[in-house]
Amino acid sequence: MSWEMVIGLEIHAQLATRSKIFSGSSTAYGASPNTQASLVDLGFPGVLPVLNEEAVRMAIRFGLAVDARIDQRSVFARKNYFYPDLPKGYQISQFEAPIVAGGQLTIDGENGTKTIRLTRAHLEEDAGKSLHEAFSGATGIDLNRAGTPLLEIVSEPDLRSAGEAVAYLKKVHALVQYLEICDGNMQEGSFRCDANVSVRPAGQDALGTRTELKNLNSFRFIEKAINVEAERHIDVLEGGGQVVQETRLYDPDKNQTRAMRSKEEANDYRYFPDPDLLPVFISDELIDSLRASLPELPDARRERYRDVLGLNDYDADTLTNSKPHSDYFERLLAHHPADAKRCANWVLGELTAALNKDNVSVTEARVAPERLAALLDRVEDNTISGSIAKEVFTLMWQGEGDADDIIEQQGLKQITDTGALTATIQAVLDQHPAQLAQYREGKTKLLGFFVGKVMQQSGGKANPGQVNQLLRDMLSGEPE
Amino acid sequence: MHRVSVVQLSNGLAKGEYSSEELTQYFLEQIDANTHLNAFITVDENGAMEQARAADERRRAGDAHALTGVPIAHKDIFCVKGGRTTCGSRMLDNFVAPYNATVVERLAQCGTVLLGKTNMDEFAMGSSNENSFYGDVKNPWDTTRVPGGSSGGSAAAVAGGLCPIATGTDTGGSVRQPAALTGTTGMKPTYGRVSRYGMIAFASSLDQAGVIGQSATDVAVLLEAMMGFDPADSTSTDQPVAALGDDLSINISDLRIGVPDVFFAEGLDPQVEERVRAALRVFADAGAELVPVELPHLSLSVPAYYVIAPAECSSNLSRFDGVRFGHRCDDPADLEDLYRRSRTEGFGDEVLRRILTGTFVLSAGYYDAYYKKAQQVRRLITDDFKRAFNKVDLIMGPTSPTTAFGLGDKADDPVSMYLNDIYTIGVSLAGLPAASVPCGLADGLPVGLHIIGSHYREQTVLSAAHAFQQITDWHEAAPPKGEPS
Chain A
-17 MSWEMVIGLE IHAQLATRSK IFSGSSTAYG ASPNTQASLV DLGFPGVLPV LNEEAVRMAI
43 RFGLAVDARI DQRSVFARKN YFYPDLPKGY QISQFEAPIV AGGQLTIDGE NGTKTIRLTR
103 AHLEEDAGKS LHEAFSGATG IDLNRAGTPL LEIVSEPDLR SAGEAVAYLK KVHALVQYLE
163 ICDGNMQEGS FRCDANVSVR PAGQDALGTR TELKNLNSFR FIEKAINVEA ERHIDVLEGG
223 GQVVQETRLY DPDKNQTRAM RSKEEANDYR YFPDPDLLPV FISDELIDSL RASLPELPDA
283 RRERYRDVLG LNDYDADTLT NSKPHSDYFE RLLAHHPADA KRCANWVLGE LTAALNKDNV
343 SVTEARVAPE RLAALLDRVE DNTISGSIAK EVFTLMWQGE GDADDIIEQQ GLKQITDTGA
403 LTATIQAVLD QHPAQLAQYR EGKTKLLGFF VGKVMQQSGG KANPGQVNQL LRDMLSGEPE
Chain B
483 MHRVSVVQLS NGLAKGEYSS EELTQYFLEQ IDANTHLNAF ITVDENGAME QARAADERRR
543 AGDAHALTGV PIAHKDIFCV KGGRTTCGSR MLDNFVAPYN ATVVERLAQC GTVLLGKTNM
603 DEFAMGSSNE NSFYGDVKNP WDTTRVPGGS SGGSAAAVAG GLCPIATGTD TGGSVRQPAA
663 LTGTTGMKPT YGRVSRYGMI AFASSLDQAG VIGQSATDVA VLLEAMMGFD PADSTSTDQP
723 VAALGDDLSI NISDLRIGVP DVFFAEGLDP QVEERVRAAL RVFADAGAEL VPVELPHLSL
783 SVPAYYVIAP AECSSNLSRF DGVRFGHRCD DPADLEDLYR RSRTEGFGDE VLRRILTGTF
843 VLSAGYYDAY YKKAQQVRRL ITDDFKRAFN KVDLIMGPTS PTTAFGLGDK ADDPVSMYLN
903 DIYTIGVSLA GLPAASVPCG LADGLPVGLH IIGSHYREQT VLSAAHAFQQ ITDWHEAAPP
963 KGEPS
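Protein sequences appear in the order of chains A and B. Per the working numbering, the very first residue in the first sequence carries number -17; after that it's consecutive. Per the working numbering, the very first residue in the second sequence carries number 483; after that it's consecutive.
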């Protein structure tokens, strides 16, 4: 029997607000435990939540970007359960009236483009963290993360393979960064997801029993986890068993999933509207002004790269998949508007290679786009050749200074003086009498050999165009 | 100096007839002499004397508020920075609040002197003040009787002359009912008028801070200082606050007073009815028009309240889990044991009863039948009041169906206890401002007149109460100075 996977994702995007969703505490990552937890985050008796309006604006921006309905009235609810890292004994979330309803995104699936429908996106607060390792026989609680605003983005079960799931996830990942509502940092947990996975015989309409894979936070693990879980379902079903609806964790070391808690033990969350927070009313004016302030989104940007700048699909996709890369490219392009292809080559070539080698993100690039643009200026005005430029770039990356300083100090200026070039060419011709004879006998392919030798001799500084021209002239001359 | 009004005290301080230090010393002595009432959980002699000296200094410097130097007491539900805040519960027996409630902060800014924290039903749940971890509060009029709850400590303290005025909180009647049972004047303003920040939550959509004092004018002065928008409480209202302390003038003959039949139905003590009807005649004799009004859904208010309030309390009290503050059981075996024993040991029976009720009515499968239905009933009750207030300025009736009952009389019958708030609960569900003023004695025990206003009409309620107190002197009746039993 052939099986079909059915996958829905619940993405948790940590919103990039400066303060928490219901308190004034900072949301900065990495502080000492419990130093960024106010009385509100600690759930002290008598304290009350006050909604951070920036989080609401960010949620609306997301909704507008995915063509969703922004409900003018949305309600915060309490989700009640006990856990030591949940200070109030309930999480403030949205239930019946989420801020963003519906919406859709297009992905490039295995069989061309495909539309994935969104169910909803709602605001909620994050819980704290339980620290088990550092305390033998006890559990430490760090509430720095408690109250950090999250946007939970829920998809319909429209995804049919782990590959589609990752494509969709990457799409959302890029989108939230374009919208500047989430930093997308998966290592720090700013962007993570749960996957609902089920399988059914191909062609069947009814959904199979699903399991939920919790807290996946790398694209690679998500793909592996979904595949291994779907295979487990198929094994169970083909063995005549039944899939149990439950929450499971993925263990990347063993490439296995294991049960976390079964439905029998599942909590009854006793949702009800939070009486400490009034319903949120969103005006048309706010929606209109947020719509007007939306940046160019990844799909539109990719199309522009292809249609207006003339980049190929690969370059356009690769650049726009990452907003920081794309933003770097934009800044470089601003200085060299006619040279889109060259700019793209630099960003995707030398720059990316250097970033990968040092394992730093593009926002931490050691050569800012403006400095790279100054280097490209020197190629354009023939001060240096493209290959020398790569050397200069490496030196810039190593902190040797700006392009002009390096070119000056290292004496890398292109040699354009005809006299000097003629002398070098003559020397090369003199050193290779055999090849010269062959050329003269009609083996004109040897031109490249001579050009190479001349460039070598000049330390790469000779102007290749000039060398070509001079060589042709000199070789076509009569033998002495 | 027994039972001198806040307004008189303020004048005396202003004229230099006595200092705040002397005044504070006097009330601390009264508290000391009346410990048999069990009205206070915590008395802060040193802190109070220090604040009194600072207040005297401030008066000398010429920068005094009317309340500067006036001793007050807070119900032990309000967080006071650096002080113990127990909420009447073993759960918070060791809890020292690290911050001031907005109410505490605002009154401290005025220069009031905090004598201490008054006793209360645990987490404000109760109508008799028999549910405190710190023991029953006694009614100064008859120490074998209850003072009413849950602000019973504040009511007993004011009635017994232990402090001139005190804060309370009213979720289903907890300011008005004890005021009625102790012959004091108690008022809860419109829901949202006073910030709930720092007031330990029982049922957030109903909780409202109020005041128990000796007269409408006293209550007005303190309330005005407490009310007003607070950015730390999203449910606090930004409606402008009237100058209650300055203007309680009203022309009674212009008033239309609604009298609902349902307030005079079965279960009302005949003597209470007689005193309340006499009070209504006082208004009628002064020219007010008494108009019958219908509140057809009011009979559903007690059941609706006992769904909504426990639902919210079950969630609000989840934070008392033994993890971060409050009572923690000894040597928990595991997490489940930590939660179970800390909460079982920390909470009293009434609190546990309401947590369980609330957990039940919110649980999957029952939410629609109970919680949602109760909210719909609440809407109907609110609409009833709105319709009535299209015809009348105020609604009046009894505050409590009986006078103070005996300690222990209803302790084993929660439903009978719940019915004690039958007149106050509907008003709380609708979020309306209401006061209870003394309107007579029945067998030597105080009877309260319930004056209910439309949303944000605190001034009308207090003005009517003040007018009544200018014609009558029931508010000046003090309990007999009995021997400590």
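Heads up, the beta-carbon is just placed ideally off N, CA and C, and yes, glycines get one too. Note that this is a predicted model, so its numbers are computed, not measured.
- At a cut-off of 8 Å, the C-beta of B:Gly650 has no neighbouring C-beta in chain A.
- A straight-line Cα-Cα distance of about 8 Å links B:Leu730 and B:Thr942.
- Ranked by Cα distance from A:Thr400, the first of A:Asn126, A:Met378, A:Ala444 is A:Ala444.
- A:Asn62 reaches chain B at Ser796, Ser797, Ser800, Thr841, Leu844, counting residues in chain order whose Cβ is nearer than 9 Å.
- As the crow flies, the alpha-carbon of A:Ser75 is around 9 Å from that of A:Tyr253.
- Taken through DSSP and simplified to helix, strand or coil, B:Lys963 comes out as coil.
- Scanning its chain for C-beta atoms nearer than 7 Å, with the 5 sequence neighbours on each side dropped, one finds around A:Arg192 the residues Asn178, Val179, Ser180, Gln227, in chain order.
- Note on A:Gly223: under 16 other CB atoms within 10 angstroms of its CB, so exposed under the neighbour-count rule.
- For A:Leu24, the chain B residues whose C-beta falls within less than 7 Å of its own C-beta are Arg806, listed in chain order.
- In the three-state reduction of the DSSP assignment, B:Cys561 falls in the coil class.
- Against chain A, the beta carbon of B:Tyr853 has neighbours under 8 Å at Phe254, listed in chain order.
- Look at A:Lys70: its C-beta is under 8 Å from a C-beta on chain B.
- A:Leu453 is a Cβ neighbour of A:Phe432, given a cutoff of 8 Å.
- When Cβ-Cβ separations below 8 Å define contact, A:Asp258 makes contact with chain B.
- According to the DSSP secondary-structure assignment, B:Pro928 is paired through a beta bridge with B:Leu923.
- Per DSSP, the beta-bridge partners of A:Phe58 are A:Gln76.
- If you check the CB distance, B:Leu644 and B:Phe509 come in under 8 Å.
- Shown here for A:Asp258: same chain residues with a beta carbon closer than 7 Å to its own, the five before and five after excluded, namely Leu30, Pro31 in chain order.
- As the crow flies, the alpha-carbon of B:Thr550 is around 17 Å from that of B:Val693.
- By the Cβ test, the region 920 to 932 of chain B is not in contact with the region 774 to 794 of chain B, since fewer than three Cβ pairs between them sit closer than 8 Å.
- Contacts with chain B at 8 Å (Cβ-Cβ) include A:Pro66.
- Beta bridge pairing from DSSP links A:Leu198 with A:Cys175.
- Here B:Arg541 has Leu495, Thr550, Gly551 as same chain residues with Cβ atoms under 7 Å from its own Cβ, once five neighbours each way along the sequence are excluded.
- Within the same chain, and ignoring the five residues on either side of A:Arg51 in sequence, the residues whose Cβ sits closer than 8 Å to its Cβ are Gly45, Val82, Ala83, Gly84, Gly85.
- Within 8 Å of the CB of B:Met681, the CB atoms of chain A belong to Gly28, in sequence order along the chain.
- Just so you know, the alpha carbons of A:Leu(-3) and A:Arg273 end up roughly 18 Å apart.
- Secondary structure in the region 851 to 905 of chain B: the alpha helix (DSSP H) runs of 4 residues or longer, each lying completely within the stretch, are 855 to 873, 896 to 900 in chain order.
- Nearest to B:Ala714 by C-alpha distance, out of A:Gln396, A:Ser(-16), A:Leu33, A:Gly447, is A:Leu33.
- Only residues of its own chain outside the window of five on either side were considered, and among them Ile397, Ala444, Gln448, Val449, Leu452 have a CB closer than 7 Å to the CB of A:Leu403, listed in chain order.
- At a beta-carbon threshold of 9 Å, the residues of chain A lying near B:Leu817 are Phe64, Tyr65, Pro66, Thr121, ordered along the chain.
- Within its own chain, the residues whose Cβ lies closer than 6 Å to the Cβ of B:Asp652, once the five positions on either side in sequence are excluded, are Lys670, Gln690, Gly692, listed in chain order.
- Short of 6 Å from the beta carbon of B:Ala685, and not among the five residues preceding or following it, lie these beta carbons of its own chain, in chain order: Thr653, Ala791, Glu794, Cys795.
- In this structure, B:Gly680 lies near B:Val585, with their beta-carbon atoms less than 8 Å apart.
- Taking 3 residues as the minimum length, the beta strand (DSSP E) runs contained wholly in the region 550 to 633 of chain B are 553 to 557, 595 to 600, in order along the chain.
- Using a Cβ-Cβ cut-off of 9 Å, B:Ser731 is close to nothing in chain A; its nearest Cβ partner there is about 34 Å away.
- Setting aside the 5 residues that flank it on each side, B:Ala770 is surrounded in the same chain by Ile734, Leu737, Ile739, each with a C-beta closer than 6 Å to its C-beta; the list follows chain order.
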